[in-house]
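Residue numbers (the working numbering): 22 to 323.
Each remark here refers to the structure printed beneath this line.
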């Protein structure tokens, strides 16, 4: 993480830039939470893939398939296993505001550095309704929040003006995971963030946008493919930050080199390909998912 040395306790949680890995949730072949595999995965992502942060219980973590107690258990395990080496930022959002508040309070008590708050899904609230939802969560907890805008899954886009309005009105909002896949929207967020006068990270939540996000002045990514190519993405970010002549081209080479991995890991519903890859690499003992998601097909694995 920029501003903090790897291996040190994260004393300053204001800077959430860099590469965050949205952890898969390991299950056994019978569908049980595999706590041992989860602990192994945490160490692997920090040491082998050089993650700047870990985000359990998100889309890639199959959070809709977790019970409330499992959700809390995953958060507890990841915090305990990370041991302060990198910030843990779990998904605690919900379309039920009361549930989001409860999970956020739990994450705060568990020692998380921040939380990831998805836009209320299915209900399709107005922009004002979205603001009211996040204000209620902020009133219930002091934990820093990173907003998660993923309109393709929630059926509601949080407009840049709304995000920036909340950043001004809600002091605990410290960034956004932007998965809208709209370059114009990303530009608006980056321009607005620069004028806030306080730390506010714009992270891409779409792996194909990481290179573009950084070229535009963005702050990093929440990247599922970094389960596999985290070291390569870190090198790409290093090249883009240093910016001497020729480094942009070197970073571009990494971008295109890793695109086939991006394509493969999203060739079937996420996170099935990521779990399959981690299983084939020997990181996870099993690639099982919970219904309604299915494991990757044999054709896909080939």
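Cβ coordinates follow ideal geometry from the N, Cα and C atoms, glycine included.
Where residue i sits in the DSSP three-state scheme
i           : result
residue 303 : coil
residue 258 : helix
residue 314 : coil
residue 242 : strand
residue 191 : coil
residue 25  : Summary for residue 25: the model assigns pLDDT 38, below 50, so the residue's position carries little reliability, and this model does not support an answer.
residue 142 : coil
residue 107 : coil
residue 230 : helix
residue 286 : helix
residue 101 : helix
residue 225 : strand
residue 197 : strand
residue 54  : strand
residue 89  : helix
residue 235 : helix
residue 48  : strand
residue 173 : helix
residue 59  : helix
residue 168 : strand
residue 78  : coil
residue 137 : strand
residue 267 : coil
residue 39  : strand
residue 112 : strand
residue 148 : helix
residue 72  : coil
Residue from the options whose Cα sits closest to the Cα of residue i
i           : options           : result
residue 38  : 235, 319, 250     : 235
residue 206 : 233, 104, 217     : 233
residue 67  : 272, 107, 311     : 107
residue 62  : 88, 50, 99, 94    : 99
residue 183 : 161, 146, 164     : 146
residue 65  : 45, 93, 120, 140  : 45
residue 86  : 319, 315, 321     : 315
residue 208 : 218, 180, 193     : 180
residue 263 : 250, 238, 278     : 238
residue 275 : 289, 103, 259     : 259
residue 88  : 120, 57, 103, 101 : 120
residue 250 : 289, 162, 299     : 299
residue 325 : 178, 57, 161      : Nothing about residue 325 can be read from this structure; the chain reaches only from 22 to 323.
Euclidean distance between Cα positions of residue i and residue j
i           : j           : result
residue 283 : residue 248 : 11 Å
residue 79  : residue 189 : 25 Å
residue 31  : residue 132 : Only weak support exists for where residue 31 lies, its pLDDT of 34 falling under 50; the value from the coordinates is given anyway. Their Cα atoms are separated by approximately 11 Å.
residue 155 : residue 252 : 34 Å
residue 240 : residue 255 : 12 Å
residue 191 : residue 54  : 35 Å
residue 323 : residue 186 : 47 Å
residue 229 : residue 280 : 7 Å
residue 171 : residue 159 : 20 Å
residue 143 : residue 176 : 7 Å
residue 24  : residue 226 : Because the pLDDT at residue 24 is just 35, under 50, the model does not fix this residue reliably, and the value given afterwards should be weighed accordingly. Rounded to the nearest angstrom, the two C-alpha atoms are 22 Å apart.
residue 127 : residue 43  : 19 Å
residue 51  : residue 301 : 19 Å
residue 303 : residue 70  : 14 Å
residue 286 : residue 116 : 27 Å
residue 174 : residue 204 : 18 Å
residue 202 : residue 141 : 18 Å
residue 219 : residue 320 : 49 Å
residue 122 : residue 134 : 16 Å
residue 97  : residue 104 : 11 Å
residue 34  : residue 102 : Annotation note: pLDDT 34 at residue 34 (below 50); position unreliable, coordinate value reported separately. Going from the Cα of residue 34 to the Cα of residue 102 covers about 18 Å.
residue 216 : residue 261 : 22 Å
residue 231 : residue 81  : 17 Å
Residue i and residue j closer than 8 Å at C-beta
i           : j           : result
residue 223 : residue 195 : no
residue 200 : residue 40  : no
residue 317 : residue 308 : yes
residue 164 : residue 136 : yes
residue 124 : residue 92  : yes
residue 257 : residue 245 : no
residue 157 : residue 118 : yes
residue 48  : residue 312 : no
residue 130 : residue 166 : no
Should the region 147-155 be regarded as contacting the region 205-215, the criterion being three or more beta carbon pairs within less than 8 Å?
-> A contact between stretches requires three or more CB pairs, one per stretch, nearer than 8 Å, and the region 147-155 fails this requirement with the region 205-215.
Would you check if the region 109-124 and the region 69-89 touch, i.e. whether three or more CB-CB distances between them fall below 8 Å?
-> Short answer: they touch.
If you pair each beta-carbon of the region 286-295 with each one of the region 264-275, do three or more pairs fall below 8 Å?
-> Segments in contact, no.
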